[in-house]
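Colleague: A single structure is presented below for examination.
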């Protein structure tokens, strides 16, 4: 990566375990949770999952949080990153839909129990589990206008409901999520990625304007990197290809946040398929991280 692109002061070093709600919780219909697009994707769309397996049971963490926390203590974990299931908080997902108090109570207790054991919660707002109703209403993440408004409302609900959380992650691995379950793979990943960046910026703006005077919180968007080195370092085109691979994963989301634009390599290769930021969107996205997180 380019020298000086990231500030070392933004790096948080803690022994941390990480999970995703859909992969561990189970309890798909308990305490008012609404349907997830992930369940529909796994069980209702032929050919997506060969045997129709889903996360409906997983490891039943919803009923075993005390055991999970005991295991975290046993490993010496200082922090625990977990995600919240949007449809447990707002079963139908939308900004005008009812909020589910039982879902809020579940995650509030989880946060309280972690803190009582000296474990810092890092909470992901969206780890890919979109309420199924939002996909049916307007195409989910492909609809910038509606998705950003619904996601921003969801974020506001949680900032207000669980104030003891001091580290929020807006989206987990947006690069991979943008490339999942899309129809037109030549265009839709770039549309989804753009919409995730705008939604991230909207959530951060809500926190900074409505909640920052009351509580100190850090927010970020969590990227993922797959190590990529040129097979033949002495050949310039292989070096360029490796750099381009990194820019199409890390820089796709980091550059807009830190530099206010997409990487030149993406613009050159994708042309008009890569969305263009409006001035208003640049103002929303640039500078919208309090720290930088990366899965490696």
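Residue numbers (the numbering used here): 34 to 329.
Using N, Cα and C, we set each Cβ at its ideal position, and we do this for glycine too.
This one's a predicted model, so the numbers in the text were calculated from it and none came from an experiment.
What are the uninterrupted segments assigned as alpha helix (DSSP H) that are 4 or more residues long and contained completely in the stretch 91-129, given in chain order?
Modeller: 98-108, 119-122
Colleague: Out of 124, 140, 166, which has the shortest C-alpha to C-alpha gap to residue 98?
Modeller: 140
Colleague: How many angstroms separate the CA atom of residue 180 from the CA atom of residue 109?
Modeller: 38 Å
Colleague: CA-CA distance, residue 235 and residue 113?
Modeller: 25 Å
Colleague: What do you get for residue 166, buried or exposed, if any count of 16 or more other CB atoms within 10 angstroms of its CB means buried?
Modeller: buried
Colleague: In chain order, what residues of the same chain have a beta carbon less than 7 Å from the beta carbon of residue 128, not counting five sequence neighbours either side?
Modeller: 182, 183, 186
Colleague: For residue 251, which beta-bridge partners are listed by DSSP?
Modeller: 200
Colleague: Does the structure place the stretch 198-205 close enough to the stretch 143-157 that three or more beta carbon pairs sit under 8 Å?
Modeller: yes
Colleague: For residue 42, count neighbouring C-beta atoms within 10 Å of its own C-beta (all shown protein chains included) and say buried if the count is 16 or more, exposed if not.
Modeller: Confidence at residue 42 is low in this model, with a pLDDT of 47, below 50, so the placement of that residue should be treated as unreliable; the coordinate-derived value is given next. Residue 42 comes out exposed.
Colleague: Mind checking residue 66: buried by the 16 CB within 10 Å criterion, or exposed?
Modeller: The residue in question, residue 66, is buried, as its Cβ has 16 or more Cβ neighbours within 10 Å.
Colleague: Quick check on the DSSP output: the beta strand (DSSP E) that includes residue 157 runs from which residue to which?
Modeller: 153-159
Colleague: The alpha helix (DSSP H) with residue 136 in it runs from where to where?
Modeller: 134-149
Colleague: Nearest by alpha-carbon distance to residue 327: which of 85, 117, 282 is it?
Modeller: 282
Colleague: Taking all protein chains shown into account, decide if residue 229 is buried (16 or more other Cβ within 10 angstroms of its Cβ) or exposed.
Modeller: Residue burial annotation: residue 229 is buried, with at least 16 other C-beta atoms found within 10 angstroms of its C-beta.
Colleague: For residue 284, which three-state DSSP category applies?
Modeller: helix
Colleague: Residue range of the beta strand (DSSP E) that residue 326 falls in?
Modeller: That run of the beta strand (DSSP E) goes 326-328.
Colleague: Between the stretch 74-89 and the stretch 115-129, do three or more beta carbon pairs fall short of 8 Å?
Modeller: no
Colleague: How should residue 305 be labelled, buried or exposed, when 16 other C-beta atoms within 10 angstroms of its C-beta is the threshold for buried?
Modeller: exposed
Colleague: Sorted by chain position, which residues of the same chain lie with C-beta nearer than 7 Å to residue 217's C-beta, five sequence neighbours on each side aside?
Modeller: none
Colleague: Since residue 74 is in the alpha helix (DSSP H), which residue starts that stretch and which ends it?
Modeller: 70-76
Colleague: Note the first and the last residue of the continuous alpha helix (DSSP H) segment covering residue 312.
Modeller: 312-318
Colleague: Going by beta-carbon coordinates alone, are residue 192 and residue 244 separated by less than 9 Å?
Modeller: yes
Colleague: Taking C-beta to C-beta, are residue 307 and residue 233 nearer than 9 Å?
Modeller: no
Colleague: Please state if the CB of residue 69 and the CB of residue 162 are separated by a distance shorter than 9 Å.
Modeller: Closer than 9 Å, so yes.
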